[in-house]
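Single-structure report; data block below.
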Amino acid sequence: MPTPPLIAFAHVGKSFDGGRGAARVRAVNDVSLEVAEGEFLAIVGGSGSGKTTLLRLANRLIDADEGRLTVEGEDVRALDPIQLRRRIGYVFQSGGLFPHFSVAGNIGITPKLVGTPPNEISARVDELLDLVRLDRALYRDRFPHELSGGQRQRVGVARALAAKPRIVLMDEPFGALDPLTRDALGDDYRELHRQLGLTTVMITHDMTEALLLADRIAVMRAGRLLAQGTPAQLSHSGDPYVGDLLRTPRRQAERLGALLPRDGAA
Amino acid sequence: MSFFSDPRWGEALAHLPDYLGNHVRVSVTALALGLAVSLPLAIAARNRPIPRGALLGLASIVQTVPGLALLALFYPLLLALAALSLSWFGIGFSAFGFLPAVLALALYSMLPVLRNTITGLQGVDAAILEAAQGVGMTPRQSLFQVELPLALPVMMAGIRTAAVWVIGTATLSTPIGQTSLGNYIFAGLQTQNWVFVLFGCLAAAVLALAVDQLLSLIEAGVRGRSRLRVALGGVGIAMLVVATLVPSMARLPSGIIVGAKTFAEQYVLSALIAQRLRAAGFSASSREGLGSNVVFEALAADDIDVYVDYSGTLWANQFHRTDSKPREELLAELKTTLAQQGITLLGELGFENAYALVMTRRRAEALGIRSIADLAAHAPGMSMAADYEFFSRPEWAGLQKAYGLTFRAQRQMQPDFMYAAAASGEVDVIAGYTSDGLIAKHDLVVLDDTRRAIPPYDSIVLLAPKRADDHALKAALAPLLGRIDIASMREANLRAAGGDGESSPDAVARWLWERIGAR
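Chains as they are written, first to last, in the numbering used here: chain A, 3 to 268; chain B, 617 to 1135.
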């Protein structure tokens, strides 16, 4: 890679207390991984694989015990975690919207925290509503409980983008949505990623989603990074678990190809 | 005379601005103090299990202490603190009335506020807390912009509970010298003035309900994010507080403060003293319903100016004497002892209100009992009743020692019900008061204390240290000294217990003055 990586994990490890008397759990174990500028990386793994922990380490929602983690070339331990989080967009599972803030209040929160003047925030909110394809007049003053799941996640994406971050972290952002909404939102985000020149790290347990959206995929299991690379590189991995993960989408694609006529009429 | 044309309603209404204003003042201050302490404590302890448990445990224990006891405990505590502060820093403060009431009520308000604040904050969704962190909030921003707003409806419910508790419990601050709506209730219970009791209960209930409804409006506004409702509730509370406080501000107690303990005779005598002082050109107000030890300490601390006590009570309770002396000697010694504290024993009113063993005339004659010594032989088969303090007083120990008295059963009762209980045969003997009009009314007899086990109980007028050289005050009270004979006082007490329009302490005091002044 010609440019230095925007995010780099070097032999990073993180353990948690197993609770009363139990042994410590190594949630992330000696992981080294680089994310290049402009790249869309998906981290795939099952529950307990350590993928969410890895993502949280990147904006210091939790701190690593071992190894070194750099963001935009700087060691995160040297950075103020609050400032770091304000310059990294974060999309939470099922939105994580503040129920007592309106849509505009949710989207504008990070600019407000950094002291952006209200009229600029207001203009930025309108711009972001356009970007995530929500009607300004209709949605600006609504509250989260008045929105559908897909609309909430669009607001979540807009909120992550509000402070114009270079990096966006996404924690299973589309997991709780119905397939049609999920597909549309995935495509829309992929387009935003390209258009805004973002660097995105997305967590998912769904290999199909990872294959369709990401440039590169990293596979985690039991705290370890098993493999990483483009879909083509992964398919040559000798790891049996990676092979298992790839088999499902492949078989689904073959069966769907056979079941659905070419003209798409269902 | 119908129930509502009773003149006592009008009299009760005349007291309302003073009682209600003071009640609101003490409640609002206590609640504000309670919130100012509880909210930061709850916020600080919310994520620390050990302090949180300790705090909630402590607040729960406070809640189990009966309100009256909690209030009463604060008085001696503050008195000791005031003495310490005076000797260490040269700054004294009044441990009487407002301060102990506010502190006790504030403590009382803490549990619901602490519990609901902690519950509310812990109830905030962990995903929302993570989002607050994730968008770059500092812990402080997360607390004020996310956690507290989301916990607010639950917190408001706690504040409502606290407000209602404080308003209700504030009625119990009367005995420690804080005027409140409880003045109606305490005075009413003692003088059998049910109009007052009812009026006091209704006023406190209406106040509590009004505050509860206004706070519930704010709570609903917070829940439904309706600024209009929050504003309406807030304005309503502010108006209520201002409307009740302003009239009472205008009549802050000034001039001579006359104290009274919690029984009818004391209400009558304090009304009589206040009337005499006003007639002599003083401005005077009464502070009624004070606990027996509170009233003496308040006088010694210059918080009240004058009240009537009884020689034997001071002898036994205040100076812990177990011996008994002839009246003149006892009075002389008491006068010297009181003077050492700067208190002036102005003189005797002329009657005694002593404890005495009392039984029905019929039974006494049938058994041939005339004195306590005669009673001793029959006592093991009899039951006895007395007020709440008698059995723990030195007089009772003295009686037992002098006559070897033991009863089959001992009961404690509200003094007003004691005489009727004796008359109906429910109990055989009671420890009555010699000046009580009910003795004659129920045809009871006082048994002779031939061995003088009970000390004399001359009614005496006491002046606070700061009034020691107030000659005008002494002159104004002089016409009362030695003028109130036992027969007049008994009849006055009987009138005060009459339960009609002529039975208010003021009316009875006027009657008493006419009777003794006419001679």
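The beta-carbon is built from N, C-alpha and C at its ideal position, and this holds for glycine as well. Computed from a predicted structure; not experimentally measured.
Beta-carbon proximity check, residue i vs residue j, cutoff 8 Å
i        : j        : result
A229(A)  : D241(A)  : yes
R731(B)  : S1120(B) : no
K53(A)   : M222(A)  : yes
T733(B)  : M771(B)  : yes
V874(B)  : Y800(B)  : no
A836(B)  : R845(B)  : yes
S987(B)  : D1064(B) : yes
R135(A)  : R156(A)  : yes
P604(B)  : V838(B)  : A query on residue 604(B) cannot be resolved here, the shown segment of chain B reaching from 617 to 1135 and no further.
V614(B)  : P791(B)  : Residue 614(B) cannot be examined here, being either before or after the span of chain B that is shown, 617 to 1135.
F1079(B) : L965(B)  : Contrary to the premise, residue 1079(B) reads as Leu rather than Phe in this sequence. Contact: no.
S104(A)  : D132(A)  : no
A698(B)  : A717(B)  : no
G793(B)  : G816(B)  : no
G69(A)   : F18(A)   : no
Y1156(B) : V780(B)  : The requested residue 1156(B) is not part of the displayed model; chain B covers only 617 to 1135.
Residue burial classification, residue i (beta-carbon count within 10 angstroms, cutoff 16)
i        : result
Q1028(B) : exposed
K166(A)  : exposed
D931(B)  : Asp is not the amino acid found at residue 931(B); the sequence shown has Trp there. Buried is the call here.
A267(A)  : Annotation note: pLDDT 49 at A267(A) (below 50); position unreliable, no value reported.
Q806(B)  : buried
I666(B)  : exposed
G91(A)   : buried
N638(B)  : buried
M617(B)  : Its pLDDT being 49, under 50, M617(B) is placed unreliably by the model, and nothing is read from it.
W704(B)  : exposed
I123(A)  : buried
F1023(B) : buried
F812(B)  : buried
S927(B)  : buried
Q749(B)  : buried
V1061(B) : buried
V116(A)  : exposed
T5(A)    : exposed
P755(B)  : exposed
V862(B)  : exposed
P1072(B) : buried
Nearest residue (CA-CA) to residue i, options the options
i        : options                                : result
L973(B)  : A1002(B), H994(B), F967(B)             : A1002(B)
D173(A)  : D189(A), F94(A), F42(A), S237(A)       : F94(A)
L214(A)  : D189(A), A224(A), L194(A), L236(A)     : D189(A)
L171(A)  : R89(A), D180(A), M209(A)               : R89(A)
W810(B)  : A1112(B), G1133(B), E1130(B), I1132(B) : A1112(B)
I1102(B) : N969(B), R977(B), L1015(B), A779(B)    : N969(B)
A675(B)  : T976(B), A778(B), L848(B), S927(B)     : A778(B)
F63(A)   : V78(A), G20(A), E211(A)                : Inspection of the sequence shows that residue 63(A) is occupied by Leu rather than by Phe. Closest by alpha carbon: V78(A).
R937(B)  : A1013(B), I872(B), S886(B), P692(B)    : A1013(B)
L823(B)  : L737(B), S643(B), L687(B)              : S643(B)
L182(A)  : G151(A), L194(A), E193(A)              : G151(A)
G40(A)   : R192(A), S237(A), V244(A)              : R192(A)
A821(B)  : G784(B), L671(B), S908(B)              : G784(B)
I84(A)   : A720(B), A747(B), L719(B)              : A747(B)
M1000(B) : Y1019(B), M975(B), L636(B), E1011(B)   : M975(B)
D1032(B) : L1054(B), N663(B), Q1026(B)            : L1054(B)
V857(B)  : G840(B), S1104(B), F690(B), L647(B)    : L647(B)
A722(B)  : T960(B), L695(B), V751(B), L687(B)     : L687(B)
Entirely within the segment 639-685 of chain B and at least 3 residues each: give me those beta strand (DSSP E) ranges in chain order.
-> Listed in chain order, there is nothing to give.
At which residue ranges does the segment 1082-1124 of chain B contain complete alpha helix (DSSP H) runs of 4 or more residues, listed in the order of the chain?
-> 1087-1093, 1102-1112
If contact means a Cβ-Cβ distance below 8 Å, which residues of the segment 763-783 of chain B contact chain A?
-> Answer in chain order: P765, L766.
Identify every run of the alpha helix (DSSP H) within the segment 1004-1043 of chain B, keeping only runs that are complete inside it and at least 4 residues long; order them along the chain.
-> 1010-1019, 1031-1039
Going along the chain, which residues of the segment 830-852 of chain B sit with their C-beta nearer than 9 Å to a C-beta in chain A?
-> R841
Continuous alpha helix (DSSP H) assignments of at least 4 residues falling wholly in the segment 172-248 of chain A | 181-198, 209-215, 233-237
Identify each residue in the segment 728-755 of chain B for which the Cβ-Cβ distance to at least one residue of chain A is less than 8 Å, and report them in chain order.
-> A743, I744, E746, A747, A748, Q749, G750, V751, G752, M753, T754
Beta strand (DSSP E) runs wholly inside the segment 909-942 of chain B, at least 3 long, in chain order | 922-926
Which residues, in order along the segment 77-89 of chain A, keep a beta-carbon less than 7 Å from a beta-carbon of chain B?
-> Cβ contacts with chain B: I84, R87, R88.
Start-end ranges of the beta strand (DSSP E) lying completely within the segment 104-174 of chain A, minimum 3 residues = 169-173
Where are the alpha helix (DSSP H) runs, 4 residues long or more, that stay fully inside the segment 703-728 of chain B, in chain order?
-> DSSP assignment within the segment 703-728 of chain B yields no whole alpha helix (DSSP H) run of 4 residues or more.
Members of the segment 101-118 of chain A that neighbour chain B once the beta carbon cut-off is set at 8 Å | P101, H102, I111, T112, L115, V116
The segment 51-79 of chain A: positions lying closer than 8 Å to chain B by Cβ = N61, L63
Secondary structure, alpha helix (DSSP H): runs of 4+ residues fully inside the segment 733-807 of chain B = Every alpha helix (DSSP H) stretch that sits fully inside the segment 733-807 of chain B and reaches 4 residues is listed by chain position as 742-750, 764-785, 798-806.
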